[in-house]
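This report refers to the structure that appears directly beneath it.
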Amino acid sequence: MSAAFWKVFELAISVWENILLLEFCMDFMQQKPRGKKGKVLWGIAVLFGLIFPALEKYPALYDRWEMWITLIWLFVYLMVGTQGSVLRKVTAAVVARAVLMMVNTAILFGGSFILQESVASFIQDQDTVRIALVLLSKISYFFVGKLLNSLLFERENLISWQWIVMGCNLVFSIIAGDTMILVVRDLPSVQMQEQKWILLCVCCIWLMCLIMYFIVQQMSKDNQTKLEYELMKEKEKYSKESMEIIKRSNEELREFKHDLKNYLLPLQEAMETMPQSEMVKVWEKINQKIEDVQTLIQTGNSYVDSMINTKITLARSEKVDVKCTILSKMEGIDDLEFCTVFGNLMDNAIEAERKVTEKKEIIIFVEEKMGYLRLEIQNKIEKSVLNENSSLNTTKKDTSSHGIGHKSVKRTMQKVGGALKYYETGDLFCAEAVFPIK
-8 MSAAFWKVFE LAISVWENIL LLEFCMDFMQ QKPRGKKGKV LWGIAVLFGL IFPALEKYPA
52 LYDRWEMWIT LIWLFVYLMV GTQGSVLRKV TAAVVARAVL MMVNTAILFG GSFILQESVA
112 SFIQDQDTVR IALVLLSKIS YFFVGKLLNS LLFERENLIS WQWIVMGCNL VFSIIAGDTM
172 ILVVRDLPSV QMQEQKWILL CVCCIWLMCL IMYFIVQQMS KDNQTKLEYE LMKEKEKYSK
232 ESMEIIKRSN EELREFKHDL KNYLLPLQEA METMPQSEMV KVWEKINQKI EDVQTLIQTG
292 NSYVDSMINT KITLARSEKV DVKCTILSKM EGIDDLEFCT VFGNLMDNAI EAERKVTEKK
352 EIIIFVEEKM GYLRLEIQNK IEKSVLNENS SLNTTKKDTS SHGIGHKSVK RTMQKVGGAL
412 KYYETGDLFC AEAVFPIK
């Protein structure tokens, strides 16, 4: 292979490595380049990374400063092109560089062990084996980075078979690369042309692994889009139900006003002659009528009001005593995300109360404190839930109808950077969700 080929190859590998490092950092930050500005910054960062091949001509300088220049380069890009805390940006740059170093080291020493040759020979020799090792190291870094970031930030978004496919892609990539190295080692008579064909076949396998990964990613995005569509349908449904609740409440208020007038007019005339026992009965009827009138929750956010009132009405229709205290204007939070969590937690509480035989009760409490909004929903229980079902799996016979449920709550809280916990106190099961206020 000519010297020109190796120059082009080294340059292409350097660009690819820069892209992989930047991609790792963006995955770690859970962001993507957006708009024209974001794409321009991405391109500038990739081109700036071409300084590293130039530095390799000065070994003393390269060996001493390459790591620090890489970290500064990544950190500056993250500071300019992404949002988030400085600590997270520093961590992203350090982890990206550290994982790259570990993968490269593992591939080099693995190849050295298989071929029984020194690591230095792989770096200095310009042959097919070196091409295979370099390509294998970059492919491995790609899959290791995706797996690591998925484990850290997308654990709830991927189902079992998607994890299996991602893991198999990494394994097959390594096996394909190692197989090629073994073939070249065990068959020294293999000609250069044949080695090129073997390398091409291995590259095709790697390409198939990459295609499979992106197919899995697209399916995951499609699932997320489907979930968001379902949530929008829920939002529309609850808005319609809210209008029905308001309409019913207005009718109840008109009826109450009419009935109260009918109660009070004769009562005013008969107060002097009516026995005290009958007076008590009349006032009990009035109090009962007051209790029967639907009280609407009004926070100022129409969608949140719709969700809260709908769920309270549903609970009361099943003879559940609902107490609701809201000490917040519900500002600075995403109403769709809040209602996703609230709606599912209330559904779980209502479902649990169906198993309670006496004194069914749900307590809702919302407050703002130190830049966070805390939602707590308590429901009555007759025996411990966490002791018997610590994972909070559905107990419905038809598990397919369980909806987004508990997993959706966890996924939403992870998305907003909040906290979620379940605990029990006395005869109450408590679900607490804490949302950061923007």
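Numbering (my numbering), first residue to last: -8 to 429.
A virtual CB, placed ideally from N, CA and C, is assigned to each residue, including glycine.
How long is the line joining the alpha carbons of Glu373 and Glu221, rounded to whole angstroms?
Counting from one through the sequence shown, the residue named residue 373 turns up at place 382. Counting from one through the sequence shown, the residue named residue 221 turns up at place 230. Those two C-alpha atoms are separated by around 34 Å.
Taking the straight line between their C-alpha atoms, what separation do you get for Val(-1) and Val86?
Counting from 1 along the sequence shown, the entry for residue -1 is found at position 8. Counting from 1 along the sequence shown, the entry for residue 86 is found at position 95. Distance between the alpha carbons of Val(-1) and Val86 is about 28 Å.
How far does the beta strand (DSSP E) with Asn292 in it reach, from first residue to last?
Here the question's residue 292 lines up with position 301 in the sequence shown. Counting along the chain, Asn292 falls outside any beta strand (DSSP E), and DSSP gives it neither H nor E.
Which residue comes first and which comes last in the beta strand (DSSP E) that contains Met427?
In the sequence shown, residue 427 corresponds to position 436, counting from 1. Contrary to the premise, residue 427 reads as Pro rather than Met in this sequence. Its beta strand (DSSP E) spans residues Leu419 to Pro427.
Rounded to a whole number of angstroms, what is the C-alpha to C-alpha distance between Glu415 and Asp312?
Along the sequence shown, one-based indexing puts residue 415 at 424. Along the sequence shown, one-based indexing puts residue 312 at 321. Looking at the two C-alpha atoms, the distance is approximately 19 Å.
Could you tell me if Arg88 is buried or exposed, where buried requires 16 or more neighbouring beta carbons within 10 angstroms of its beta carbon?
For the purposes of this step, residue 88 is taken as residue 97 along the sequence shown, with counting starting at 1. Label assigned to Arg88: buried.
Leu41 - DSSP class collapsed to helix/strand/coil
On the sequence shown, position 50 is the one that residue 41 refers to. Leu41: coil per DSSP, three-state reduction.
Hey, Met223 and Val332: beta-carbon distance below 9 Å or not?
To locate residue 223, count along the sequence shown from 1; it is residue 232. To locate residue 332, count along the sequence shown from 1; it is residue 341. No.
Simplified DSSP state of Asp312, which is helix, strand or coil
Residue mapping note: residue 312 aligns to position 321 of the sequence shown, counting from 1. In the structure shown, Asp312 sits in a strand (DSSP, three-state: E or B).
Between Glu8 and Lys129, how many whole angstroms is the CB-CB distance? I'm expecting something under 8 Å.
Within the sequence shown, numbered from 1, the residue matching residue 8 stands at position 17. Within the sequence shown, numbered from 1, the residue matching residue 129 stands at position 138. Between Lys129 and Glu8 the Cβ distance is about 6 Å, and since that is below 8 Å, they are a contact.
Taking all protein chains shown into account, decide if Cys159 is buried (16 or more other Cβ within 10 angstroms of its Cβ) or exposed.
Translated into positions along the sequence shown, residue 159 becomes position 168. Its Cβ having fewer than 16 others within 10 Å, Cys159 is exposed.
Identity of the residues DSSP links to Ala410 by a beta bridge:
In the sequence shown, counting from the first residue as 1, residue 410 sits at position 419. In DSSP, Ala410 forms a bridge with Val425.
Among Asn253, Asn292 and Gln289, whose alpha-carbon lies nearest the alpha-carbon of Val273?
Counting from one through the sequence shown, the residue named residue 273 turns up at place 282. The candidate whose alpha carbon is nearest that of Val273 is Asn253.
Sheet register partners of Val357 (DSSP bridge):
Within the sequence shown, numbered from 1, the residue matching residue 357 stands at position 366. For Val357, which the question treats as bridged, DSSP gives the partners Ile317 and Leu366.
Leaving out five residues on either side along the sequence, give the residues of the same chain with a beta carbon under 6 Å from the beta carbon of Leu91.
Within the sequence shown, the letter at position 100 stands for residue 91. Tyr132, listed in sequence order.
Lys217, DSSP secondary structure in three states
By 1-based counting over the sequence shown, the position of residue 217 is 226. Lys217 falls in the helix class under three-state DSSP.
Thinking C-alpha only, which one of Leu336, Ala97, Gly40 and Met70 is nearest Tyr413?
The residue labelled residue 413 in the question sits at position 422 within the sequence shown. Tyr413 has its Cα closest to that of Leu336, out of Leu336, Ala97, Gly40 and Met70.
Please classify Asp430 as buried or exposed, where buried requires at least 16 neighbouring CB atoms within 10 angstroms.
The requested residue 430 does not occur in the structure, where the chain is confined to residues -8 to 429.
Answer yes or no: do Glu367 and Ala424 have a C-beta to C-beta separation smaller than 9 Å?
Position 376 of the sequence shown, counting from 1, holds the residue named residue 367. Position 433 of the sequence shown, counting from 1, holds the residue named residue 424. Yes, they are a contact pair.
Taking the alpha carbon of Phe43 as the point to measure from, which residue in Leu2, Lys23 and Val67 has its own alpha carbon closest?
Reading the sequence shown from its first residue, position 52 is the one you call residue 43. When only C-alpha atoms are compared, the closest one is Leu2.
Assuming Leu12 and Pro24 make a contact with CB atoms under 8 Å, what is their CB distance in whole Å?
Working through the sequence shown from its first residue, we reach residue 12 at position 21. Working through the sequence shown from its first residue, we reach residue 24 at position 33. The Cβ separation is near 14 Å, so there is no contact.
Coil, strand or helix - Thr416 by DSSP
Counting from 1 along the sequence shown, the entry for residue 416 is found at position 425. Strand.
Looking only at its chain, what residues have a beta carbon closer than 7 Å to the beta carbon of Leu46, apart from the 5 residues adjacent to it on each side?
Your numbering for residue 46 matches position 55 in the sequence shown. Counting only Cβ-Cβ distances below 7 Å, and skipping sequence neighbours, we find Leu52, Tyr53 and Glu57.
Look up Glu57 in the DSSP assignment and say whether it is helix, strand or coil.
Numbered from 1 along the sequence shown, position 66 holds the residue referred to as residue 57. Looking at Glu57 - three-state DSSP - the assignment turns out to be helix.
Can you tell which of Leu138, Leu38 and Phe426 has the C-alpha that lies nearest to the C-alpha of Asp326?
Position 335 of the sequence shown, counted from the start, is the residue given in the question as residue 326. If we check each option's Cα against that of Asp326, Phe426 comes out closest.
From which residue to which residue does the alpha helix (DSSP H) around Lys129 run?
For this step, residue 129 is matched to residue 138 along the sequence shown. Counted as a single uninterrupted DSSP element, the alpha helix (DSSP H) harbouring Lys129 occupies residues Thr119 to Phe144.
Let me check one thing: in DSSP terms, what residues is Lys212 bridge-paired to?
As a working mapping, residue 212 is identified with position 221 in the sequence shown. Partner(s): none; Lys212 has no beta bridge.
Same chain, Cβ closer than 7 Å to Ile317, neighbours up to 5 away in sequence not counted:
Sequence index remark: in the sequence shown, residue 317 carries index 326 (1-based). Answer for Ile317: Ile288, Thr290 and Val357, listed in chain order.
Whole-angstrom distance between Leu305 and Ala340, CA atom to CA atom
Walking along the sequence shown from the start, residue 340 turns up at place 349. Walking along the sequence shown from the start, residue 305 turns up at place 314. When rounded, the distance between both Cα atoms is 11 Å.
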